[in-house]
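Counted the way mature numbering (1 follows the signal peptide of the UniProt record, and there is no 0) counts, the sequence shown spans residues -27 to -1, 1 to 128.
For every residue, glycine included, the Cβ atom is placed at its ideal position computed from N, Cα and C.
For reference, the structure discussed in these notes is given below.
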Amino acid sequence: MLSSKPVLSAALVAAVGCLLSTGLVRAHDEDTASVALTKDTFQSEIDGSNYFVMFFAPWCGHCKKLAPTWAKLAESSNEDSALTVKIGRVDCTTDGDLCSDQDVTGYPTLKFFKLGVSADQSVKYRGARDLDSFNAFIREQLGIEEDESEETVAE
């Protein structure tokens, strides 16, 4: 006679896995400030604006941890008129070919795409993963001095 314990264990593992993956996806789905980019929209979007893009996988713990900060970055960059940049995200589980084309080998991968510069010359971000560091990197890529941005906000 076969035991039902292995079947119950497998079902429990599958159920927990589904719940966890749903929670991981939700963190990125709740981000309405950044632009969700796909293979169909990526090229036209980066051809039309400066973009700082996060390539992620919803099951990735580091991506889940970064998601709220990324959403805050998008919100703050939308409010800062000196920052002519859009904050985007690409789900590499649904757009794997796009991620491969962009040489994404780990998650999250963060890249800056400058308007008027070929996508293959994007700049990979390698700094700390906090708002101040992201903003400093964006300003550096855009050639904006810290004082210029502060003056714009003060006016």
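Taking a 10 Å sphere around the C-beta of ASP4, we find 16 or more other C-beta atoms and assign the residue as buried. Annotated three-state conformation of ALA109 is helix, per DSSP. For THR82, there is no enclosing alpha helix (DSSP H); the residue is part of the beta strand (DSSP E) that begins and ends at 82 to 86. Uninterrupted alpha helix (DSSP H) stretches at least 4 residues long and entirely within the segment 47 to 106 occur at 69 to 74, given in chain order. Note that the C-beta distance between GLY89 and ALA9 is not below 9 Å. Nearest to PHE86 by alpha-carbon distance, out of GLU113, ASP53 and ASN51, is GLU113.
The beta-carbon separation of CYS33 and TYR98, rounded to 16 Å, does not stay under the 8 Å limit for a contact.
By the criterion of a C-beta distance shorter than 6 Å, GLU48 is surrounded in its chain by ALA6, once the five residues flanking it on both sides are discounted.
Nearest Cα to PHE110 within the set LEU71, ASP68, THR78 and LEU46: LEU46.
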